[in-house]
Structure formats: C-alpha cells, structure tokens
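Visitor:
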Amino acid sequence: MKFNVFFACVAVAAIAVPGVASAQMTAGEIEYTQACASCHGASGKGDGPVSTYLSVKVPNLTKITARNGGTFPFQDLMEMIDGRNAERQIGAHGISMPVWGDRFMTDSGSPDPVENEINTLGRVSSLVYYLYRIQDK
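Numbered according to my numbering, the sequence shown spans residues 64 to 200.
#1: In the stretch 101 to 189, which residue ranges form an unbroken alpha helix (DSSP H) of at least 4 residues, counting only runs that do not cross its ends?
#2: Look at the alpha carbon of E178 and the alpha carbon of D145, and state the distance between them as a whole number of angstroms.
#3: To the nearest angstrom, how far is it from the Cα of H156 to the Cα of N131?
#4: Could you check what DSSP says for I201 in three-state terms: helix, strand or coil?
#5: May I ask which residues mark the beginning and end of the alpha helix (DSSP H) holding Q97?
#6: Look at the Cβ atom of Y116, then the Cβ atom of L190, and state whether they are nearer than 8 Å.
#7: At the level of alpha carbons, what is the spacing between Y195 and G172?
#8: Quick one: what does DSSP say Y192 is sitting in, helix, strand or coil?
#9: What residue from M160, H103 and E180 has the CA that sits closest to F167's CA?
#10: Using C-beta distances below 8 Å, list every residue in its chain close to V276, excluding the 5 sequence neighbours before and after it, in chain order.
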C-alpha cells in the first residue's frame, strides 16, 4: 500500500499543472521541505536556519542551471542527492551532504529490496524535478 500511495504522489508531481492552487504541494516540494530546506532554505537560496552553523556556504539551488552553463544537470543531481554511488566531497563539519539514498531506502521499510529501490529513486527524482522547477529564469 505504501508503495502505491508513493507512486501516486510522484505521478501527481510529474503532471502538476502550473496555476494549480499554491496550497497543493508536489511530492518533490514535500521532499524538499522535509530533507533540504533546513540547510538550503525554504526558497532554495542557501539561507536555511541550519546554514549559519555550517563551516561552508550552502549552495543556492535556484542557480543550478546558471552554474551549469544553462543546462539543468538532471542525472548529475540524481547521483549527487542519492549519494550511494557518488564520490562525496568533504563539506560542512568535515562531512558532505547526507547520503539521501541510504536514508530513503531505510525509510521505505518494505521487505522487498526492489520496492525499496523504486521508492528511493522515485523520491530522489521527484526532488530533482522540484529543483528544476525552482530555477531562476
């Protein structure tokens, strides 16, 4: 059941129509609010409440496309956020951004490892799609 509900949310996030009531959040926006906003800020500009306690400047996530020569790096962000197969750089407090893939796998809680992997990749992809939507034009 958890699996089906999650994918229904991802499907809604993928087809969300601009202009829909602002109170309706996409799966990616919910994921961002829960996993990213404390460091990157509610608007993604790197000004979250935790950012003042970190030893490195938190990136402005609304400028990803601009920093990448005008192209949004979907695959690179999928790998960076997932983190399970990416080389991690040392960051704030001697650590890098959390390995969200591990955390999402643990949260999935299914006895089926394939279902856990699908849930994890769905959560990461909905988050990356949300980051794409908040890029400064």
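All C-beta atoms, glycine included, are put in the ideal place defined by N, C-alpha and C.
Guide: Reading it off the structure:
#1: The stretch 101 to 189 contains these whole alpha helix (DSSP H) runs: 127 to 130, 137 to 145 and 163 to 171.
#2: Numbered from its first residue, the sequence shown carries residue 178 at position 115. Numbered from its first residue, the sequence shown carries residue 145 at position 82. When rounded, the distance between both Cα atoms is 16 Å.
#3: For the purposes of this step, residue 156 is taken as residue 93 along the sequence shown, with counting starting at 1. For the purposes of this step, residue 131 is taken as residue 68 along the sequence shown, with counting starting at 1. Annotation note: pLDDT 46 at H156 (below 50); position unreliable, coordinate value reported separately. If I take the Cα positions, the gap works out to 26 Å.
#4: Since the first residue of the chain shown is 64 and the last is 200, residue 201 is not available in this structure.
#5: The residue labelled residue 97 in the question sits at position 34 within the sequence shown. For Q97, the enclosing alpha helix (DSSP H) stretches over residues A90 to A98.
#6: For the purposes of this step, residue 116 is taken as the residue at position 53 of the sequence shown. For the purposes of this step, residue 190 is taken as the residue at position 127 of the sequence shown. Cβ distance not < 8 Å, so Y116 and L190 don't count as in contact.
#7: Taking the sequence shown and counting its residues from 1, the one referred to as residue 195 is at position 132. Taking the sequence shown and counting its residues from 1, the one referred to as residue 172 is at position 109. Our two residues, Y195 and G172, have alpha carbons roughly 28 Å apart in a direct line.
#8: Taking the sequence shown and counting its residues from 1, one reaches residue 192 at position 129. Helix.
#9: For the purposes of this step, residue 167 is identified with residue 104 of the sequence shown, where counting begins at 1. Of M160, H103 and E180, the smallest CA-CA separation from F167 is found for E180.
#10: Here the chain covers residues 64 to 200 and nothing more, so residue 276 does not appear.
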